[in-house]
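Peer 1: Protein sequences appear in the order of chains A and B.
Just so it is clear: in the first sequence, position 108 is 108 by my numbering, and no numbers are missing.
Numbers in my numbering are just positions in the second sequence, counted from 1, shifted up by 1000.
There are 2 protein chains.
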Amino acid sequence: MNAQQLTKNQGLVFDVLSRADQPMSAYTILDKLRDHGFRAPLQVYRALEKLLEFGMVHRLESLNAFVACAHPNDNCCRHGTVAFAICNSCGHVEEFHDHAVDDRLDAFVKSKRFKAEKTTIEIRGLCSACAA
Amino acid sequence: MNAQQLTKNQGLVFDVLSRADQPMSAYTILDKLRDHGFRAPLQVYRALEKLLEFGMVHRLESLNAFVACAHPNDNCCRHGTVAFAICNSCGHVEEFHDHAVDDRLDAFVKSKRFKAEKTTIEIRGLCSACAA
DNA sequence: CAATTGATGTAATAACATTACATTTGTTAT
DNA sequence: ATAACAAATGTAATGTTATTACATCAATTG
Chain A
1 MNAQQLTKNQ GLVFDVLSRA DQPMSAYTIL DKLRDHGFRA PLQVYRALEK
51 LLEFGMVHRL ESLNAFVACA HPNDNCCRHG TVAFAICNSC GHVEEFHDHA
101 VDDRLDAFVK SKRFKAEKTT IEIRGLCSAC AA
Chain B
1001 MNAQQLTKNQ GLVFDVLSRA DQPMSAYTIL DKLRDHGFRA PLQVYRALEK
1051 LLEFGMVHRL ESLNAFVACA HPNDNCCRHG TVAFAICNSC GHVEEFHDHA
1101 VDDRLDAFVK SKRFKAEKTT IEIRGLCSAC AA
């Protein structure tokens, strides 16, 4: 159920993100793809839009940047909220899932009759290497 | 321990945010304050920076916008993570705190020896009124 | 093969945020 | 009071992120 068939631009953008060891902004991706014919931001944003839809890429709201999903083969990605620990120093991102957190937030929104569509959880700080 | 003494610009920005029934972008705030002599974005950003520091205002990362703290008199604001339920339709924001969620995220980052500095939790969706 | 749909290319512009530098105001020490 | 310092402000320019508008191209289908 994985291995989405990607178009040329989607494939290029996904490759760049997969190889990166840090989140990348749309414009950084654009620069990396100039050699492959990319000329305008929209080419990147359109590919990202689809990749986000496919669950292959995540957007980090606190960074205005994007990362390839760390668990692309894990269905969990699609059934729970994704949370991120983001190092402010080296940019390393740890992606995780916690159903207890999900349940707790769920309980809250249900109590408010709020209909959740998308949840963002991002922890900014220092990774073990950088904090040492 | 509340009632921070604000400067003129800080006070103006805080007033605008307090009266608003929705999050506001820095540029929207700027427009509201033209009559009071505001001319440049930096005047707003500088005031916001201090207000964020004082815990009187929150930044919504998924919206690039700002809201006055809903619980200014509650010390809880300063000792736990603030979470938001944001209506995509009417813009209403529900601010809440949940120590169980905090503890759970804490446990995760501790297990990774990650040193958390700031945590963002934002639930986008539809409020009870708009979902009906 | 016409019609539709999805993807792409390109330019322009909008929206959000920061850097740099000059000036003013407020506070503290003497 | 005033010198010295720190904090806040004013202004312009620029940098960064994201979208709108419009034209073209490619794949699919009736």
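A virtual CB, placed ideally from N, CA and C, is assigned to each residue, including glycine.
Quick check: the Cα distance between B:Ala1100 and B:Asp1031, rounded to an integer number of angstroms?
Peer 2: Within the second sequence, numbered from 1, the residue matching residue 1100 of chain B stands at position 100. Within the second sequence, numbered from 1, the residue matching residue 1031 of chain B stands at position 31. Using only the alpha carbons, I get a separation of about 40 Å.
Peer 1: Going by the CB atoms, is the gap between A:Ala116 and B:Ile1123 shorter than 8 Å?
Peer 2: Within the second sequence, the letter at position 123 stands for residue 1123 of chain B. Within the first sequence, the letter at position 116 stands for residue 116 of chain A. At a Cβ-Cβ threshold of 8 Å, B:Ile1123 and A:Ala116 count as neighbours.
Peer 1: Determine the DSSP secondary structure at A:Thr28, reduced to helix, strand or coil.
Peer 2: Reading the first sequence from its first residue, position 28 is the one you call residue 28 of chain A. In this structure, A:Thr28 counts as helix in the three-state DSSP scheme.
Peer 1: Is B:Glu1061 helix, strand or coil by DSSP?
Peer 2: Counting from one through the second sequence, the residue named residue 1061 of chain B turns up at place 61. Residue state, collapsed to three classes: coil.
Peer 1: According to DSSP, what are the bridge partners of B:Leu1119?
Peer 2: Taking the second sequence and counting its residues from 1, the one referred to as residue 1119 of chain B is at position 119. In the sequence on display, residue 1119 of chain B carries Thr and not Leu. Answer by DSSP bridge pairing, in chain order: A:Ile123.
Peer 1: On the DSSP letters alone, give me the boundaries of the alpha helix (DSSP H) that B:Phe1096 sits inside.
Peer 2: By 1-based counting over the second sequence, the position of residue 1096 of chain B is 96. Segment 1093-1096 is the beta strand (DSSP E) holding B:Phe1096; no alpha helix (DSSP H) there.
Peer 1: Taking 8 Å as the cut-off, decide whether the C-beta atoms of B:Val1109 and B:Val1093 are in contact.
Peer 2: Within the second sequence, numbered from 1, the residue matching residue 1109 of chain B stands at position 109. Within the second sequence, numbered from 1, the residue matching residue 1093 of chain B stands at position 93. Result no, Cβ atoms of B:Val1109 and B:Val1093 do not sit closer than 8 Å.
Peer 1: At the level of alpha carbons, what is the spacing between A:Val13 and B:Asp1015?
Peer 2: Looking up residue 13 of chain A in the first sequence gives position 13. Looking up residue 1015 of chain B in the second sequence gives position 15. Answer to the nearest angstrom: the Cα atoms are 44 Å apart.
Peer 1: Report the three-state DSSP secondary structure of A:Phe54 (helix, strand or coil).
Peer 2: As a working mapping, residue 54 of chain A is identified with position 54 in the first sequence. Reduced to three states, the DSSP call for A:Phe54 is helix.
Peer 1: With a cut-off of 8 Å, do at least 3 Cβ pairs link the segment 1049-1068 of chain B to the segment 1082-1090 of chain B?
Peer 2: yes
Peer 1: Going by C-alpha to C-alpha distance, which of A:Asn73, A:Leu42, A:Arg39, A:Gly37 sits closest to A:Phe54?
Peer 2: What you label residue 54 of chain A is simply residue 54 of the first sequence in a count that begins at 1. Checked all of A:Asn73, A:Leu42, A:Arg39, A:Gly37; the closest Cα to A:Phe54 is A:Asn73.
Peer 1: When the Cα atoms are used, what is the spatial distance from B:Asp1102 to A:Phe114?
Peer 2: The count along the second sequence starts at 1 and reaches residue 1102 of chain B at position 102. The count along the first sequence starts at 1 and reaches residue 114 of chain A at position 114. Using only the alpha carbons, I get a separation of about 21 Å.
Peer 1: Looking at chain A, is there any beta carbon in it that lies within less than 8 Å of the beta carbon of B:Lys1110?
Peer 2: By 1-based counting over the second sequence, the position of residue 1110 of chain B is 110. Output row for B:Lys1110: interface = no.
Peer 1: Using three-state DSSP, classify B:Val1067 as helix, strand or coil.
Peer 2: Taking the second sequence and counting its residues from 1, one reaches residue 1067 of chain B at position 67. In the structure shown, B:Val1067 sits in a strand (DSSP, three-state: E or B).
Peer 1: Rounded to the nearest angstrom, what separates B:Met1001 and B:Ser1025 at their Cα positions?
Peer 2: Position 1 of the second sequence, counted from the first residue, corresponds to residue 1001 of chain B. Position 25 of the second sequence, counted from the first residue, corresponds to residue 1025 of chain B. Low confidence applies to B:Met1001: its pLDDT is 39, below 50, so where it sits in the model is not reliable enough to give any reading.
Peer 1: Helix, strand or coil, according to DSSP, for B:Pro1087 in the structure here?
Peer 2: Stepping through the second sequence from its first residue, residue 1087 of chain B is reached at position 87. Residue identity differs from the one stated: residue 1087 of chain B is Cys in this sequence, not Pro. In the structure shown, B:Cys1087 sits in a strand (DSSP, three-state: E or B).
Peer 1: Can you tell me whether DSSP reads A:Phe114 as helix, strand or coil?
Peer 2: The residue labelled residue 114 of chain A in the question sits at position 114 within the first sequence. DSSP places A:Phe114 in coil when its eight states are reduced to three.
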